[in-house]
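Numbering (this note's numbering), first residue to last: 81 to 178.
See below for the structure under consideration.
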């Protein structure tokens, strides 16, 4: 869902407690960089790649990930995303969440 120019609320789906849930990481970008706010759950890397592709972007376009807090649905995909980017993405998180 386009919020405004350069701000897109992504939609990923996951199973939790035998229910489908929707997760909404947010992508912020300009001509120079793209930043992902939260990452979704572990194992959603293929969904994320598909959504980014629909926006004519890829994992390699991400420069940073901002993690808002340490719940699994917010941080769960960070390790997979970093691996796919050859660990070139900077991850920002509050020191109290480590």
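Note that beta-carbon positions come from the ideal geometry of N, C-alpha and C, so glycine has one too.
Which whole-angstrom value is the C-beta distance of residue 139 and residue 161, which I expect to be below 8 Å? As a first step, residue 139 is located in the chain shown; it is residue number 59 there, counting from the start. As a first step, residue 161 is located in the chain shown; it is residue number 81 there, counting from the start. Between residue 161 and residue 139 the Cβ distance is about 6 Å, and since that is below 8 Å, they are a contact.
Which term fits residue 121, buried or exposed, when burial requires 16 or more other beta carbons within 10 angstroms of its beta carbon? Position 41 of the chain shown, counted from the start, is the residue given in the question as residue 121. It is buried - the Cβ of residue 121 has at least 16 other Cβ atoms within 10 Å.
For the alpha helix (DSSP H) containing residue 125, name the first residue and the last one. Within the chain shown, the letter at position 45 stands for residue 125. Where residue 125 is concerned, the enclosing alpha helix (DSSP H) stretches over 125-134.
What did DSSP end up calling residue 152 once you bin it into helix, strand or coil? One-based indexing of the chain shown puts residue 152 at position 72. Secondary structure at residue 152: helix, using DSSP grouped into helix, strand and coil.
Backbone CA spacing between residue 127 and residue 84 [nearest angstrom]: Taking the first residue of the chain shown as position 1, residue 127 is located at position 47. Taking the first residue of the chain shown as position 1, residue 84 is located at position 4. Those two C-alpha atoms are separated by around 22 Å.
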